[in-house]
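Below is one structure; the comments refer to it alone.
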Amino acid sequence: MTKEQKELVKATVPVLKEHGVLLTTHFYNRMFTHNPELKNVFNMGNQQNSKQQTALAMAVLAYAEHIENPGVLMPVLDGIGQKHTSLDIRPEHYAIVGGHLIASISEVLGDAATPELLEAWTVAYNQLAAIMTGHEQNLYSKQVAKKGGWTGWRPFVVKQKVKESAEITSFYLYPTHGGAVPDFTPGQFLSVRLFLPELNLLQPRQYSISSAPNGEYYRISVKREAGTELLADGMISNRLHNFVNEGDIIEVSAPAGGFVLNGDGDHPIVFISGGVGQTPLMSMMESLIKSGSKRPKTWVHGCRDKNVHAFKEVIEHWEGKNEEVKKHIFYNDIEEATPDNFYEGWVDLNQLGDEIFEPNTEYYICGPAGFIELHYRELVKKGIDKQLIHFEEFGPQTLQLN
Numbered sequence: 001m002t003k004e005q006k007e008l009v010k011a012t013v014p015v016l017k018e019h020g021v022l023l024t025t026h027f028y029n030r031m032f033t034h035n036p037e038l039k040n041v042f043n044m045g046n047q048q049n050s051k052q053q054t055a056l057a058m059a060v061l062a063y064a065e066h067i068e069n070p071g072v073l074m075p076v077l078d079g080i081g082q083k084h085t086s087l088d089i090r091p092e093h094y095a096i097v098g099g100h101l102i103a104s105i106s107e108v109l110g111d112a113a114t115p116e117l118l119e120a121w122t123v124a125y126n127q128l129a130a131i132m133t134g135h136e137q138n139l140y141s142k143q144v145a146k147k148g149g150w151t152g153w154r155p156f157v158v159k160q161k162v163k164e165s166a167e168i169t170s171f172y173l174y175p176t177h178g179g180a181v182p183d184f185t186p187g188q189f190l191s192v193r194l195f196l197p198e199l200n201l202l203q204p205r206q207y208s209i210s211s212a213p214n215g216e217y218y219r220i221s222v223k224r225e226a227g228t229e230l231l232a233d234g235m236i237s238n239r240l241h242n243f244v245n246e247g248d249i250i251e252v253s254a255p256a257g258g259f260v261l262n263g264d265g266d267h268p269i270v271f272i273s274g275g276v277g278q279t280p281l282m283s284m285m286e287s288l289i290k291s292g293s294k295r296p297k298t299w300v301h302g303c304r305d306k307n308v309h310a311f312k313e314v315i316e317h318w319e320g321k322n323e324e325v326k327k328h329i330f331y332n333d334i335e336e337a338t339p340d341n342f343y344e345g346w347v348d349l350n351q352l353g354d355e356i357f358e359p360n361t362e363y364y365i366c367g368p369a370g371f372i373e374l375h376y377r378e379l380v381k382k383g384i385d386k387q388l389i390h391f392e393e394f395g396p397q398t399l400q401l402n
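Shown next as structure tokens:
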């Protein structure tokens, strides 16, 4: 890019800050009108709740702000790339997206979209597309280099369907070819693709792997969504609950994701989860226990009540067999006497004593966005180094925690 083109892109930052979501909403409407086949690629639930539009607006703004040195965005771009490879996004998709994005800039900005500005953004987009496709090709190459690895979609059979609580059911997925499954890093997710008759579309949805690597199967643990006006995400989860049974075959992509366990060192580790957010942390905890790690491990979990508390017996078993494992469970409603380390109300780290704030302790947080933000800020207030706090927001990444 020329210096003049970079200045033109940076000059759009104020507009993107004020009207970014308007632009990306127009973009998605335009793209799905002209290329409706892409509705089978994109998660339409995230279109319905506007999360995808917001996430894209934030990404475009960040790119414009850092056009002089886009390399500083690689941690963010890696997260996007991980999601893209789980959805089998390929270079040809970038060409389609780019055409609609530039056209949307022209249509939304009107007379302000001069030929020079549109050319600058075309060059900027092509630069970004080259970065992303190169990074994603590297991720694809790493996938196929693993024993049993693959890219794209592969059929898996549901060999076990296990009810974990009133809301959460686990699905044990084995490859139909009967071979091994590649290892993954605890904390990663799979994409599952199902046909939704309600939308007449194939739809993908990401689910964290809730078991440790074992070479034989992947386990996902899915929450049933309540209500009648469900977004596509809820439709996929409920279709798994209501229609997918043992012996059925579903399409799955290879494990991906950057919210992963740092298995190095012997420093303490604290897992903090809300509701179904415990699933990637289950994989991390099981992996540490199976490895024989003696790191002090604290499990902090909150949910409505014992009826919706999944994996309760598993955590209790781990605590009973491993002296370095401690648990603290919060229920919104407690109707009867409970053992020690059960608390009523929302998860409150301040109730747990100073030992969970030991120096060099590492924290992994997963749950709804508000849950993550609350505990992240609480830990920072306690003086915890931000580099030791890891978190995962399910869905498009819209949290901005500094």
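Once you know that position 97 of the sequence shown is 97 in UniProt numbering, the rest is easy, because the numbers rise by one and skip nothing.
The C-beta atom is built at its ideal place from N, Cα and C for all residues, glycine as well.
- request: Return helix, strand or coil for Glu-392, following the three-state DSSP convention.
  value: strand
Beta strand (DSSP E) runs contained entirely in the segment 318 to 379, provided each spans 3 or more residues: 325 to 331, 342 to 344, 362 to 367
- prompt: Measuring CA to CA, which of Ile-315, Val-270, Asp-88, Pro-255 is closest to Glu-358?
  reply: Val-270
message: For Asn-242, tell me which candidate among Glu-65, Phe-371, Lys-163 has the shortest Cα-Cα distance.
response: Selected option, being the one with the closest Cα: Lys-163.
- request: Can you grab the Cα-Cα spacing for the pair Tyr-343 / Asp-264, in whole Å?
  value: Distance between Tyr-343 and Asp-264, taken at the CA atoms: about 32 Å.
message: Give me, in chain order, the residues of the same chain whose beta-carbon lies closer than 6 Å to that of Ile-384; leave out the 5 immediate sequence neighbours on both sides.
response: none
query: Span of the alpha helix (DSSP H) holding Pro-36?
result: Segment: none, Pro-36 is in no alpha helix (DSSP H) and carries neither H nor E.
field: Whole runs of the alpha helix (DSSP H) within the UniProt domain "FAD-binding FR-type" (151 to 262), excluding any shorter than 4 residues
entry: 232 to 243
- request: State whether the segment 249 to 268 contacts the segment 80 to 92, with contact taken as three or more CB pairs (one from each stretch) at a distance under 8 Å.
  value: yes
- prompt: Does DSSP put Thr-298 in a helix, in a strand, or in coil?
  reply: Three-state result, Thr-298: strand.
- request: Find the nearest neighbour of Pro-308 within the set Met-284, Lys-326, Gly-277, judged by alpha-carbon distance.
  value: Residue 308 is actually Val in this sequence, not Pro. Out of Met-284, Lys-326, Gly-277, Gly-277 has the C-alpha closest to the C-alpha of Val-308.
query: Does DSSP put Ser-273 in a helix, in a strand, or in coil?
result: Residue state, collapsed to three classes: strand.
task: For Thr-398, I'd like the list of residues in its chain whose CB is within less than 8 Å of its CB, leaving aside the five on either flank, ordered along the chain.
output: Low local confidence applies: a pLDDT of 49 at Thr-398 is under 50, so the model's placement there is unreliable, and no value is given.
field: CB of Ala-95 within 8 Å of CB of Lys-147, strictly
entry: no
message: What residue range does the alpha helix (DSSP H) around Gln-82 cover?
response: 74 to 86
field: For Tyr-28, the nearest candidate out of Arg-90, Gln-47, Lys-290 (CA to CA)
entry: Tyr-28 has its Cα closest to that of Gln-47, out of Arg-90, Gln-47, Lys-290.
task: Could you pull the start and end residues of the alpha helix (DSSP H) that Ile-131 belongs to?
output: 115 to 145 is the span of the alpha helix (DSSP H), which, as asked, contains Ile-131.
task: Thinking Ile-365 and Ile-389 are a contact (beta carbons under 8 Å), I'd like their distance in whole angstroms, please.
output: At roughly 7 Å, the Cβ-Cβ gap stays under 8 Å, so Ile-365 and Ile-389 are in contact.
query: Taking the alpha helix (DSSP H) that Ser-106 falls in, what are its first and last residues?
result: 91 to 109
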